[in-house]
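K.L.:
Mapping the first sequence onto the numbering used here, position 30 (from 1) lands on 30, and the numbers just tick up by one.
Note that the Cβ used here is the ideal one computed from N, Cα and C, for glycine as well.
The following block contains the structure, expressed as structure tokens.
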Amino acid sequence: MKTSYDLIYDVVMRIPRGKVATYGLVANLAGNRRWARVVGYALHVNPKPGVIPCHRVVNRFGGLARAFAFGGVNMQRTLLEEEGVAFRPDGTVDLEKHLWTGD
DNA sequence: TTAATGACCTATC
DNA sequence: CGATAGGCCATTA
Numbered sequence: 001m002k003t004s005y006d007l008i009y010d011v012v013m014r015i016p017r018g019k020v021a022t023y024g025l026v027a028n029l030a031g032n033r034r035w036a037r038v039v040g041y042a043l044h045v046n047p048k049p050g051v052i053p054c055h056r057v058v059n060r061f062g063g064l065a066r067a068f069a070f071g072g073v074n075m076q077r078t079l080l081e082e083e084g085v086a087f088r089p090d091g092t093v094d095l096e097k098h099l100w101t102g103d
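Written as structure tokens, this is what we have:
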């Protein structure tokens with residue numbers, strides 16, 4: 001079944017390795033910035049694990065979601081570090097350096 | 001079909 | 001500057 005989520009998934013999958021995007025940004029690229037909530041919902045259901053790099057999606061603060069439960073926040077930090085993403089002392093991603101604006 | 005929920009963001013007090 | 005409320009959209013029950 002095809003839904004608006006596919007749009008969001010497509011954008012999220014477009015995120016290049018070593019970069020991250022915010023929910024609002026993904027929503028914006030998906031078509032509308034108001035989809036920010038829908039984006040979170042889409043990743044929440046995460047119907048295609050392994051195909052959708054949810055760890056590359058962060059909130060506008062650069063921090064991970066509160067209920068990040070696909071493996072643990074700890075895991076996400078590791079994954080991003082493996083991709084070359086720099087983390088701040090506060091544990092947030094440096095959006096100024098790794099924020100994917102849609103290329 | 002209506003009502004309720006959600007990994008958000010922006011604006012206002 | 002810090003905290004609170006609201007809004008918007010789609011999905012699920």
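1) Are arginine 60 and glycine 24 closer than 8 angstroms when you measure CB to CB?
2) What are the boundary residues of the alpha helix (DSSP H) that valine 26 is part of?
3) Please tell me whether valine 39 and isoleucine 8 are closer than 8 angstroms, where the distance is taken between their beta carbons.
4) Quick check on this structure: which residue in Lys2, Thr78, Val93, Leu95 has the alpha carbon closest to the alpha carbon of proline 47?
5) Considering Cα atoms alone, identify which of Pro49, Gly62, Val26 is closest to phenylalanine 87.
6) Cβ atoms of valine 20 and valine 93: under 8 angstroms apart, would you say?
7) Quick one: Cα of arginine 37 to Cα of valine 26, how far?
P.N.:
Put simply:
1) yes
2) 23 to 30
3) yes
4) Lys2
5) Gly62
6) yes
7) 11 angstroms
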